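*Asks:* Pasting a structure below so you can have a look.
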Amino acid sequence: MKKRSLFSTIVALSALGVLLTGCGSSSSKSSKSTSADSNVKITAVGSTALQPLVEQAASDYQKANKKVNISVQGGGSGTGLSQVQEGAVTIGNSDIFAEQQAGIKAKKLVDHQVAVVGMTPVVNKGVGIKNLSMAQLKGIFTGKIKNWKEVGGKDQKINVVNRVQGSGTRATFEGAVLEGAKAIKTQEQDSNGTVQKIVASTPGTISYLAFSYVNSKIQAPSINHVAPTDQNVENNKWKIWSYEHMYTKGQPNAAAKKFLNYMDSSKVQDSLVQKLGYISIHDMKVQKNASGAVTTK
Amino acid sequence: MDEIKQELQSSSRATHQDYFGKALSYLCITFVGLLVLSILYFITTRGLATFTENHVSLWKFLIEKNWNPGVLDSHGQPQIGALPMIVTSFSVTVLSALVATPFALGVALFMTEIAPKRGTKVLQPVIELLVGIPSVVYGFIGLSVIVPLIRHTFGGTGFGILAGVVVLFVMVLPTITSLSIDSIKAVPMYYRSASLALGATRWQTIYKVVLRAATPGIMTAIIFGMARAFGEALAVQMVIGNAVLMPHGLLTPSSTLTSQLTTGIGNTTMGTLPNNALWSLALILLLMSLVFNILVRFIGKRGSLKK
Chain S
1 MKKRSLFSTI VALSALGVLL TGCGSSSSKS SKSTSADSNV KITAVGSTAL
51 QPLVEQAASD YQKANKKVNI SVQGGGSGTG LSQVQEGAVT IGNSDIFAEQ
101 QAGIKAKKLV DHQVAVVGMT PVVNKGVGIK NLSMAQLKGI FTGKIKNWKE
151 VGGKDQKINV VNRVQGSGTR ATFEGAVLEG AKAIKTQEQD SNGTVQKIVA
201 STPGTISYLA FSYVNSKIQA PSINHVAPTD QNVENNKWKI WSYEHMYTKG
251 QPNAAAKKFL NYMDSSKVQD SLVQKLGYIS IHDMKVQKNA SGAVTTK
Chain C
1 MDEIKQELQS SSRATHQDYF GKALSYLCIT FVGLLVLSIL YFITTRGLAT
51 FTENHVSLWK FLIEKNWNPG VLDSHGQPQI GALPMIVTSF SVTVLSALVA
101 TPFALGVALF MTEIAPKRGT KVLQPVIELL VGIPSVVYGF IGLSVIVPLI
151 RHTFGGTGFG ILAGVVVLFV MVLPTITSLS IDSIKAVPMY YRSASLALGA
201 TRWQTIYKVV LRAATPGIMT AIIFGMARAF GEALAVQMVI GNAVLMPHGL
251 LTPSSTLTSQ LTTGIGNTTM GTLPNNALWS LALILLLMSL VFNILVRFIG
301 KRGSLKK
């Protein structure tokens, strides 16, 4: 009996303690927040391709702005767009324009473009080609070309690895290469890392990756003799690229706006963006709109 | 006098405790019940939206082979034929259970009949370890070891049902083993004694008496293993290749219901057809796990040991 009452006393005391500390901290917080500008939480959810950049930028930003709490999560571009549309998150990260995603009312969202990502076809090192024409690339991904010898390589069956339907990378690649044609039914993978591994280890394989995922174990052929480099993306000689978007529902609130401004500042654009393998939005000499039309800046 | 009367007529402290305990457990039951009901309701309404809101015929969903929910075909109909995924899911499930069962039974018999002390000491931790390894690790091992191995041995890309079966084999093995051990242990000792007294060898006793008596329990174990294999998503997704094609053999890339769900769900928007179609796949998974559960109950009732 004694034990029981002791136990319940402890429970009651700890509950009281939680209540008291809860009250205490919240009151101290509110008194502080009146003196400082804000104590806010920003959530950015969506594209896994953009996630590393936002994560790194957010952690740098929070060091300078202790009052701001930014949480960055993945989940995919589709998730990012639908969550920001519902108002569940502050910022929705996406590889594609909101206009390109079914079920998203793009007019309600405000686009903030923070970086550019170039994408390139990648092949297994053993296929024996250095260059492909755009038409050949289209032939491979629609299933018309089935053997590497048809495009000047070895006599080896072509194994196409696609990205999952609805992924931002696939939307960008198909927009630039297939021009509305239907892709061959084949293997689909949903992460850059897996694609990199499969292309490196499976003979005859072709797929596509963001520039930052190309390493020495795989080969990125040139297209129409244009090499996949940042410079060629900046002047649109290399056609396969997309913006990284951070969408807000309507105009962002003060705290989010400050963070978005930070993303656009030269501090992020000139060092972090390049360090993590993206292309700075400031370096672009051309502009692309949601329907894919490119104009010079 | 009044004091005694009052004490007798009012409820005691123990009675209050009783009420309190009862209320507490009812509260928990209601909570869990509501949770299950809301999950069922959510998946069912979402899963049926494909057929009620988007007017896709259920029959087409179940027997057509084209899966391309974002694109309309030449008749303006969305292409959502889930047959390839249903077939693949069942193939990997049945095959992995078939391959795993003999091994599981061997281990179970070793641990219960042949060398109970030594076997339990060594194998019990091994089995528990196998259960504890996260599925993404199995998937990664599958991707870096099994897939290249299959490619070198049989040709092709290495991705496909066979790779899925190999990975799932390791994953369902502990489930089937530990449940089989329980059912073999539940066979009464006097069955064995009687058999041995009649002059049967140990193997004859195991084969003709113990295994026969434990059959319903072993069947249950296999079905639980199959349920695990059917629901496994991540590890399978990494090695199966994720091509929504009718499997032409064990070596061509294919896609299961779960792997399609995990790859697709982040890239679709709530309320659109591609998203609803994925929920319909989830509904199939839910119904199948229900079927597995009913099977287990059925076997448990019909085959329980009569003493």
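Protein sequences, first through last, are from chains S and C. Take the first sequence: its letters are residues 1 to 297, numbered as in the UniProt record's numbering. Take the second sequence: its letters are residues 1 to 307, numbered as in the UniProt record's numbering. Backbone N, C-alpha and C fix where the C-beta goes; we use that ideal spot for every residue, glycine too. All of these numbers come straight from a predicted model, not from anything done at the bench.
Between S/Ala-220 and S/Pro-121, is the Cβ-Cβ spacing less than 8 Å?
*Replies:* yes
*Asks:* Considering only the beta carbon of each residue, do C/Ile-127 and C/Thr-177 sit closer than 8 Å?
*Replies:* Yes; because the gap between Cβ atoms is below 8 Å, this pair is in contact.
*Asks:* Between which two residues does the alpha helix (DSSP H) holding S/Gln-136 run?
*Replies:* 134-142
*Asks:* Buried or exposed: which applies to C/Ile-222, given that a residue is buried once 16 or more other Cβ atoms fall within 10 Å of its Cβ?
*Replies:* buried
*Asks:* In angstroms with no decimal places, state the Cα-to-Cα distance between S/Ile-223 and S/Arg-163.
*Replies:* Just so you know, the alpha carbons of S/Ile-223 and S/Arg-163 end up roughly 20 Å apart.
*Asks:* Alpha carbons only, please: which of C/Ala-277, C/Ser-144, C/Val-145, C/Ala-104 is nearest the one belonging to C/Lys-60?
*Replies:* C/Ala-277
*Asks:* Identify the continuous beta strand (DSSP E) that holds S/Val-294 and give its terminal residues.
*Replies:* Note, S/Val-294: beta strand (DSSP E), 294-296.
*Asks:* For residue 309 of chain C, is the classification buried or exposed, using 16 other Cβ atoms within 10 angstroms of its Cβ as the cut-off for buried?
*Replies:* In this structure chain C extends from 1 to 307, so residue 309 of chain C is not present and cannot be described.
*Asks:* Specify the secondary structure class of S/Ala-57 as computed by DSSP and reduced to three states.
*Replies:* helix
*Asks:* Pick from C/Gln-79, C/Ala-14, C/Ile-4: whose alpha carbon is nearest that of C/His-55?
*Replies:* C/Gln-79
*Asks:* Using the C-alpha atoms, what's the distance from C/Thr-112 back to C/Leu-261?
*Replies:* 40 Å
*Asks:* For the candidate residues S/Val-161, S/Gly-204, S/Ser-212, S/Ser-167, whose alpha-carbon lies nearest to that of S/Gln-187?
*Replies:* S/Val-161
*Asks:* Using the Cβ count rule (16 or more neighbours within 10 Å means buried), how would you classify S/Asn-147?
*Replies:* exposed
*Asks:* Ignoring anything shorter than 4 residues or poking outside the region 154-188 of chain S, list the alpha helix (DSSP H) runs there in chain order.
*Replies:* 168-177
*Asks:* Mind listing the chain C neighbours of S/Val-164? Cutoff is C-beta to C-beta under 8 Å, in chain order.
*Replies:* Simply Asn-242, Thr-263, Gly-264, Asn-267.
*Asks:* With 8 Å as the threshold, decide whether the Cβ of C/Phe-90 is near any Cβ in chain S.
*Replies:* For C/Phe-90, the answer is no, since every Cβ of chain S falls outside 8 Å of its Cβ.
*Asks:* Run down chain C in chain order and give the residues with a C-beta less than 7 Å from the C-beta of S/Leu-81.
*Replies:* Thr-269
*Asks:* Give me the chain S residues within the contact set of C/Thr-272, using Cβ-Cβ distance strictly less than 7 Å, ordered along the chain.
*Replies:* The contacting residues are Ala-102, Gly-103.
*Asks:* So the beta strand (DSSP E) C/Tyr-191 belongs to, where does it begin and stop?
*Replies:* DSSP places C/Tyr-191 outside any beta strand (DSSP E); the residue lies instead in the alpha helix (DSSP H), whose first and last residues are 189-197.
*Asks:* Cα-Cα, which of C/Asp-2, C/Tyr-19, C/Thr-256, C/Thr-52 is closest to C/Ile-161?
*Replies:* C/Thr-256
*Asks:* Classify S/Ser-33 as helix, strand or coil using the three-state DSSP reduction.
*Replies:* Low local confidence applies: a pLDDT of 38 at S/Ser-33 is under 50, so the model's placement there is unreliable, with the coordinate-based value given in what follows. Under the three-state reduction of DSSP, S/Ser-33 is assigned to helix.
*Asks:* Do the CB positions of C/Phe-140 and C/Pro-253 come within less than 8 Å of each other?
*Replies:* By the CB criterion at 8 Å, C/Phe-140 and C/Pro-253 fall outside the cutoff.
*Asks:* For C/Pro-125, does the three-state DSSP call read helix, strand or coil?
*Replies:* helix
*Asks:* Under 8 Å, with one C-beta from each stretch per pair, do the region 194-211 of chain C and the region 144-152 of chain C reach the 3-pair mark?
*Replies:* no
*Asks:* Hey, quick one: how far does the beta strand (DSSP E) through S/Val-123 stretch, first residue to last?
*Replies:* 109-123
*Asks:* What distance in whole Å lies between the Cβ atoms of S/Ala-115 and S/Thr-142, which are believed to be in contact at a cut-off of 8 Å?
*Replies:* Not really, about 30 Å apart at Cβ, beyond 8 Å.
*Asks:* Tell me the rounded alpha-carbon separation between C/Leu-198 and C/Ala-243.
*Replies:* Cα-Cα distance, rounded: 58 Å.
*Asks:* Give me the Cα-Cα distance between C/Pro-69 and C/Pro-274, rounded to the nearest whole angstrom.
*Replies:* 5 Å
*Asks:* For C/Glu-232, tell me which candidate among C/Thr-88, C/Ala-49, C/Leu-83, C/Ile-63 has the shortest Cα-Cα distance.
*Replies:* C/Thr-88
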